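Asker: Quick one: the structure is below, and I'll ask about it shortly.
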Amino acid sequence: MMQRRLLAAVAAFLVAVVGAVVLVTYAQSADARAQAGERLVPVLVVGSTVPAGTDASAVAGSVSTQEVPARLAAPGSLSDLNSVAGFVTTADLLPGEQLLADRFADPDSLLAAGTVAAPAGTQEVSLTLQPQQAVDGALKAGDRVGVLVLGKDAAGNAASQSIDGVLVTRSSGSAGSADPSAQVTVTLALDGPQSAAVIAGMQQGTIWLSLQEMARPGTTSSSTAATPSAGAQS
123 MMQRRLLAAV AAFLVAVVGA VVLVTYAQSA DARAQAGERL VPVLVVGSTV PAGTDASAVA
183 GSVSTQEVPA RLAAPGSLSD LNSVAGFVTT ADLLPGEQLL ADRFADPDSL LAAGTVAAPA
243 GTQEVSLTLQ PQQAVDGALK AGDRVGVLVL GKDAAGNAAS QSIDGVLVTR SSGSAGSADP
303 SAQVTVTLAL DGPQSAAVIA GMQQGTIWLS LQEMARPGTT SSSTAATPSA GAQS
């Protein structure tokens, strides 16, 4: 009696195993048949984290092209980077996600109101000055100014340096204020040597700004991309 029950249990187990194998095989076969009839489309998939603010040209090394069923392609997914050339990422891109067009934007559109982008190869330096040192506080983003740095040389003699055509990327402060304690903060786009000279002037001497060219209406960073030139030192 005990042997008969054991044989029955073994037989039932074998039937269950065979049934499970048949079911899995059928399901996999059905999936294969379904996928065989689907249209595959290429999409870019992120392979390594890409920080926000990365230029599209630098994203290529962090993504790869994969083919997925059309039904699994996310709306706005990209198959190449041509359509976002010149744009930057607006958020971190994480491994495994499909690359979407709405994750990119024109860098100019990300600037705060009243600012322009610093040209490539320059760095921004902010100066806090009294209004009379900054054209009575009337400077605005897009203007080009002359920077006069007054100080002393290594021997202690009076010295000056002028830098012409410097782009103002933003400015804040009250124009024409009668308050003697009023201050104006002006941010300039400078190259490396110019930045060093201006910072030294702030710490050891005096700086004056002169308006050389007013910003044109509708000025954007793309129309102010010239690099400032330094004048001679006296």
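Sequence positions in the sequence shown follow our numbering and run 123 to 356. The beta-carbon is built from N, C-alpha and C at its ideal position, and this holds for glycine as well. Just so we're clear, the structure is a prediction, and the values are computed from it rather than from any experiment.
(1) Please go through the same chain and pick out, in chain order, the residues whose beta-carbon is closer than 6 Å to the beta-carbon of Arg-161, but skip the five residues on each side of it.
(2) Cβ atoms of Ser-248 and Thr-79: under 8 Å apart, would you say?
(3) With Ser-199 as the anchor, note down where its beta strand (DSSP E) starts and where it stops.
(4) Considering only their Cβ atoms, is the gap separating Gly-273 from Ala-318 smaller than 8 Å?
(5) How close, in whole Å, do the beta carbons of Ile-285 and Gly-268 come, if the pair is a contact with beta carbons under 8 Å?
(6) With three or more C-beta pairs closer than 8 Å as the rule, is the region 166 to 184 touching the region 209 to 222?
(7) Where Asp-275 and Ala-281 are concerned, what is the direct C-alpha to C-alpha distance, given to the nearest angstrom?
(8) Put Gly-264 into one of helix, strand or coil per three-state DSSP.
(9) Mind checking Thr-250: buried by the 16 CB within 10 Å criterion, or exposed?
(10) Which of the three DSSP states is assigned to Val-257 in this structure?
(11) Since Pro-229 and Val-206 are thought to touch, with beta carbons under 8 Å apart, how far apart are those beta carbons, to the nearest angstrom?
(12) Short check: CB of Ala-182 to CB of Leu-200, under 8 Å?
(13) What does a CB cutoff of less than 6 Å around Val-163 pick up in its chain, not counting 5 residues either side in sequence?
(14) Take Val-172 as the anchor and find which of Gln-188, Arg-225, Glu-246, Gly-208 has the nearest alpha-carbon.
(15) Does the Cβ of Ala-256 have 16 or more other Cβ atoms within 10 Å, making it buried, or fewer, making it exposed?
(16) Taking a contact to mean a Cβ-Cβ separation below 8 Å, would you say Leu-233 touches Leu-333 in this structure?
(17) Given a cut-off of 8 Å on the beta-carbon distance, is the pair Ala-304 and Pro-241 in contact?
(18) State the Cα-Cα distance for the pair Val-245 and Ser-184, rounded to the nearest angstrom.
(19) What is the residue span of the beta strand (DSSP E) that Val-167 lies within?
(20) Given this structure, state the Cα-to-Cα distance separating Ala-311 from Asp-258, to the nearest angstrom.
(21) DSSP on Ser-317, reduced to helix/strand/coil?
(22) So, at 7 Å on beta carbons, what are the nonlocal neighbours of Asp-177 in its own chain, with the 5 sequence-adjacent residues on each side left out?
Answerer: The relevant details are as follows:
(1) Residues of the same chain with a CB within less than 6 Å of the CB of Arg-161, apart from the 5 flanking positions on each side, are Ala-192 in chain order.
(2) Since the first residue shown for the chain is 123 and the last is 356, residue 79 is missing from the structure and cannot be characterised.
(3) Taken as a continuous stretch (DSSP letters only), Ser-199 belongs to no beta strand (DSSP E), as it is neither H nor E.
(4) no
(5) 7 Å
(6) yes
(7) The straight-line gap from Cα to Cα measures roughly 6 Å.
(8) coil
(9) exposed
(10) helix
(11) Not really, about 12 Å apart at Cβ, beyond 8 Å.
(12) no
(13) Same-chain partners within the cutoff: Ala-192, Ala-195.
(14) Arg-225
(15) buried
(16) no
(17) no
(18) This sequence places Gln at residue 245; Val is not what is there. Each residue's Cα considered, the two are about 27 Å apart.
(19) Per DSSP, Val-167 belongs to the beta strand (DSSP E) from 162 to 168.
(20) 20 Å
(21) helix
(22) Val-210
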